[in-house]
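Engineer: Just so we're aligned, residue 96 is where the sequence shown starts under the working numbering, counting upward by one.
Positions of the beta carbon are idealized from the N, C-alpha and C atoms, including for glycine.
Values in this document were obtained by computation on a predicted structure and should not be read as measured data.
Have a look at the structure that comes next, please.
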Amino acid sequence: MYLCIDLKSFYASVECVERGLDPMTAHLVVADPERENSTICLAVSPALRAEGVRNRCRVFEIPPHLSYVMAAPRMQLYIRYSADIYSIYLKYIAKEDIHVYSVDEAFLDVTDYLALYRMTARELARRIMEDIQTSLGIPAACGAGTNLYLAKVALDICAKHMPDRIASLDEGSYRQKLWDHRPITDFWRVGAGIAGRLASYGIHTMRQVAHTDEALLYRLFGVNAEYLIDHAWGREPVTIADIHAYRPQNSSLSNGQVLMRDYSYEEGLLILKEMADLLCLELTERGLVTNSLSLYVGYSGRRLPSLHKTASMTVTTDSVRVITEYLVRLYEQYVDRVVPVRRILLSFNNVADVSCEQYDLFTDPARIERERKLQHAVLDIKKKFGKNAILRGMDLQSAATTRERNQQIGGHKSGES
96 MYLCIDLKSF YASVECVERG LDPMTAHLVV ADPERENSTI CLAVSPALRA EGVRNRCRVF
156 EIPPHLSYVM AAPRMQLYIR YSADIYSIYL KYIAKEDIHV YSVDEAFLDV TDYLALYRMT
216 ARELARRIME DIQTSLGIPA ACGAGTNLYL AKVALDICAK HMPDRIASLD EGSYRQKLWD
276 HRPITDFWRV GAGIAGRLAS YGIHTMRQVA HTDEALLYRL FGVNAEYLID HAWGREPVTI
336 ADIHAYRPQN SSLSNGQVLM RDYSYEEGLL ILKEMADLLC LELTERGLVT NSLSLYVGYS
396 GRRLPSLHKT ASMTVTTDSV RVITEYLVRL YEQYVDRVVP VRRILLSFNN VADVSCEQYD
456 LFTDPARIER ERKLQHAVLD IKKKFGKNAI LRGMDLQSAA TTRERNQQIG GHKSGES
């Protein structure tokens, strides 16, 4: 038996609690007032959602007749609240039986705890939710299920309609209650693309998926059809223990930005160099190296298809000089010089331990080691005095974003004040 606990409109609820407001009745949105009206609301309070305001809408989409408080994002504050809530979970459940799915959602394997506490899953869920509410003032909802998928679906689809915001499913009740539920995109892992392809074959519900020829589903979705087929029947074999034991065959590091305005070709190259510098610092800090780089560039207004290119290096390294040279060549060779840039994503692939470092015939090992010592010195300064205590000259240019992003978490303000 699993619980999936979600903190209701988490960012908005935290801001309400900090202001002495009731999270369930206050009209509040979390959005940066310093950004233009097209900025996305990171969270909308339940009372505003009841008025028809969509979650993660743009500020200008909020009906003008509604009055509300706009709270600037404070990501560090939300992380602190999330950590406090995790400590509440630990009062009831061992960490080995908890999977933190996101900052505001967690799965708990309560199979071996129900007999210990002499409670049903619903009773234990209520006890934990009441503890969170009493201790921190944050309302929660919960789905209970005989596997991870059913717990998640019980939360996403059913709990919102229950007076105590708790719903429970097993495979039988799932088929009875939800096999004909629409839209199919309400189900976990079914996005608009999957729904569209299913609809082209007249498939609109999980009942229809369950009774569709599996060969057709595998032709449409490849190996991912296995997830869809299992979920259509309410099955999910993966456990929290499996998740904790999982180790990916390949690792990567990535850094992406959605730019606040259209950037010229030259400005985009500046952003790429800044991102390369930060990712190389992360490689050095974690004792890692890479030999493969991927660059994604999204153009303004979708005037051109997005660019996605990968380059293999002749060395395996964390050298910012070497890596930046490869990325600059990739950028100059493929990125359009006329159409403005709006999105950039950089990935370091095949990340491995620094013991796997490899040189080519043109590499000066002594120079690489000097660069690494310099990187460690920079990291020490940043740890002691702050991320903006030492910067490159390019970070001071008007189009640069590193200084601002160093004060953010997840692209949003981190300050608690």
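I'd like to check one pair, residue 385 with residue 452: are the Cβ atoms closer than 8 Å?
Structural biologist: To locate residue 452, count along the sequence shown from 1; it is residue 357. To locate residue 385, count along the sequence shown from 1; it is residue 290. Cβ atoms of residue 452 and residue 385: not closer than 8 Å.
Engineer: Sort out for me which residues DSSP pairs residue 165 with in a bridge.
Structural biologist: Residue 165 sits at position 70 when you count from the first residue of the sequence shown. Its beta-bridge partners are 124.
Engineer: Per DSSP, what kind of secondary structure is residue 502 in: helix, strand or coil?
Structural biologist: For the purposes of this step, residue 502 is identified with residue 407 of the sequence shown, where counting begins at 1. It is coil, neither helix nor strand.
Engineer: Apart from the five residues on each side of it in sequence, which residues of its chain come closer than 6 Å, Cβ to Cβ, to residue 266?
Structural biologist: By one-based count along the sequence shown, residue 266 stands at place 171. 329.
Engineer: With 16 as the cutoff for other CB atoms within 10 Å, does residue 131 come out buried or exposed?
Structural biologist: By one-based count along the sequence shown, residue 131 stands at place 36. With fewer than 16 other Cβ atoms within 10 Å, it is exposed.
Engineer: Specify the secondary structure class of residue 344 as computed by DSSP and reduced to three states.
Structural biologist: Sequence index remark: in the sequence shown, residue 344 carries index 249 (1-based). Of the three classes helix, strand and coil, the one that applies to residue 344 here is coil, per DSSP.
Engineer: Given that a residue counts as buried once 16 or more other Cβ atoms are within 10 Å of its Cβ, and exposed if not, what is residue 260?
Structural biologist: Working through the sequence shown from its first residue, we reach residue 260 at position 165. Classification of residue 260: buried, given that the 10 Å Cβ count is 16 or more.
Engineer: Spatial neighbours of residue 347 within its chain, please: C-beta separation below 7 Å, excluding the five flanking residues on both sides.
Structural biologist: The residue given as residue 347 occupies position 252 in the sequence shown. Only 442, 443, 444 and 446 meet the Cβ criterion.
Engineer: If contact is defined by three or more beta carbon pairs under 8 Å, each pair taking one atom from either stretch, is the stretch 232-251 in contact with the stretch 268-287?
Structural biologist: yes
Engineer: Using a Cβ-Cβ cutoff of less than 7 Å, which residues in the same chain neighbour residue 376 once the five nearest sequence positions on both sides are dropped?
Structural biologist: Residue 376 sits at position 281 when you count from the first residue of the sequence shown. 470, 473 and 474.
Engineer: Could you tell me the boundaries of the beta strand (DSSP E) in which residue 411 lies?
Structural biologist: Along the sequence shown, read from residue 1 onward, the residue named residue 411 stands at position 316. First-last of the beta strand (DSSP E) with residue 411: 402-412.
Engineer: Mind checking residue 374: buried by the 16 CB within 10 Å criterion, or exposed?
Structural biologist: Here residue 374 corresponds to residue number 279 of the sequence shown, with the count starting at 1. The residue is buried, with at least 16 neighbouring Cβ atoms inside 10 Å.
Engineer: Could you tell me whether the Cβ atoms of residue 309 and residue 496 are closer together than 8 Å?
Structural biologist: As a first step, residue 309 is located in the sequence shown; it is residue number 214 there, counting from the start. As a first step, residue 496 is located in the sequence shown; it is residue number 401 there, counting from the start. Result no, Cβ atoms of residue 309 and residue 496 do not sit closer than 8 Å.
Engineer: What are the partner residues of residue 389, as DSSP defines its beta bridges?
Structural biologist: Sequence index remark: in the sequence shown, residue 389 carries index 294 (1-based). Residue 389 pairs with 405 and 442.
Engineer: State the beta-bridge partners of residue 200 as determined by DSSP.
Structural biologist: Walking along the sequence shown from the start, residue 200 turns up at place 105. Residue 200 pairs with 101 and 197.
Engineer: Using 8 Å as the threshold, is the stretch 314-321 in touch with the stretch 298-305, meaning 3 or more CB pairs across them?
Structural biologist: They do not touch, by the three-pair rule.
Engineer: Contact between the stretch 206-215 and the stretch 114-121: three or more CB pairs below 8 Å?
Structural biologist: no
Engineer: Counting only runs that start and end within the stretch 216-286, where is the alpha helix (DSSP H) found for 4 or more residues in a row?
Structural biologist: Qualifying alpha helix (DSSP H) stretches, in chain order: 216-231, 243-248 and 266-273.
Engineer: Quick check on residue 462: does DSSP put it in helix, strand or coil?
Structural biologist: Here residue 462 is taken as the residue at index 367 of the sequence shown, counted from 1. DSSP places residue 462 in helix when its eight states are reduced to three.
Engineer: According to DSSP, is residue 351 part of a helix, a strand, or is it coil?
Structural biologist: For the purposes of this step, residue 351 is identified with residue 256 of the sequence shown, where counting begins at 1. Strand, per DSSP.
Engineer: Can you tell which of 108, 241 and 104 has the C-alpha that lies nearest to the C-alpha of residue 207?
Structural biologist: By 1-based counting over the sequence shown, the position of residue 207 is 112. Of the listed residues, the one whose Cα sits closest to residue 207 is 241.
Engineer: Kindly indicate which three-state DSSP category residue 296 falls into: helix, strand or coil?
Structural biologist: Reading the sequence shown from its first residue, position 201 is the one you call residue 296. In this structure, residue 296 counts as coil in the three-state DSSP scheme.
Engineer: Check whether the stretch 125-143 touches the stretch 152-168, taking contact to mean three or more Cβ pairs, one atom from each stretch, closer than 8 Å.
Structural biologist: yes
Engineer: I'd like to check one pair, residue 153 with residue 135: are the Cβ atoms closer than 8 Å?
Structural biologist: Counting from one through the sequence shown, the residue named residue 135 turns up at place 40. Counting from one through the sequence shown, the residue named residue 153 turns up at place 58. Cβ atoms of residue 135 and residue 153: closer than 8 Å.
Engineer: Just confirm the distance between the C-beta atoms of residue 388 and residue 405, as a whole number of angstroms; I'd bet it's less than 8 Å.
Structural biologist: To locate residue 388, count along the sequence shown from 1; it is residue 293. To locate residue 405, count along the sequence shown from 1; it is residue 310. So it is a contact: roughly 7 Å between Cβ atoms.
Engineer: Got a sec, what are the start and stop residues for the alpha helix (DSSP H) residue 428 sits in?
Structural biologist: Here residue 428 is taken as the residue at index 333 of the sequence shown, counted from 1. That run of the alpha helix (DSSP H) goes 415-429.
Engineer: How about residue 440 and residue 371: are their beta carbons less than 8 Å apart?
Structural biologist: Here the question's residue 440 lines up with position 345 in the sequence shown. Here the question's residue 371 lines up with position 276 in the sequence shown. At the C-beta level, residue 440 and residue 371 stay beyond 8 Å of one another.
Engineer: Give the straight-line distance between the Cα atoms of residue 324 and residue 333, rounded to the nearest whole angstrom.
Structural biologist: Taking the first residue of the sequence shown as position 1, residue 324 is located at position 229. Taking the first residue of the sequence shown as position 1, residue 333 is located at position 238. Taking C-alpha positions only, residue 324 is separated from residue 333 by approximately 14 Å.
Engineer: Taking the beta carbon of residue 269 as the centre, do at least 16 other beta carbons fall within 10 Å, making it buried, or is it exposed?
Structural biologist: Working through the sequence shown from its first residue, we reach residue 269 at position 174. Buried.
Engineer: Return the residue from the list 158, 156, 226 and 209 that minimises the CA-CA distance to residue 182.
Structural biologist: Along the sequence shown, read from residue 1 onward, the residue named residue 182 stands at position 87. With distances taken between Cα atoms, residue 182 lies closest to 226.
Engineer: What residue range does the alpha helix (DSSP H) around residue 301 cover?
Structural biologist: In the sequence shown, residue 301 corresponds to position 206, counting from 1. Looking at the DSSP string, the run of the alpha helix (DSSP H) that includes residue 301 is 301-305.
Engineer: To the nearest angstrom, how far is the alpha carbon of residue 289 from that of residue 354?
Structural biologist: Start at 1 with the first residue of the sequence shown, and residue 289 comes out as number 194. Start at 1 with the first residue of the sequence shown, and residue 354 comes out as number 259. Those two C-alpha atoms are separated by around 29 Å.
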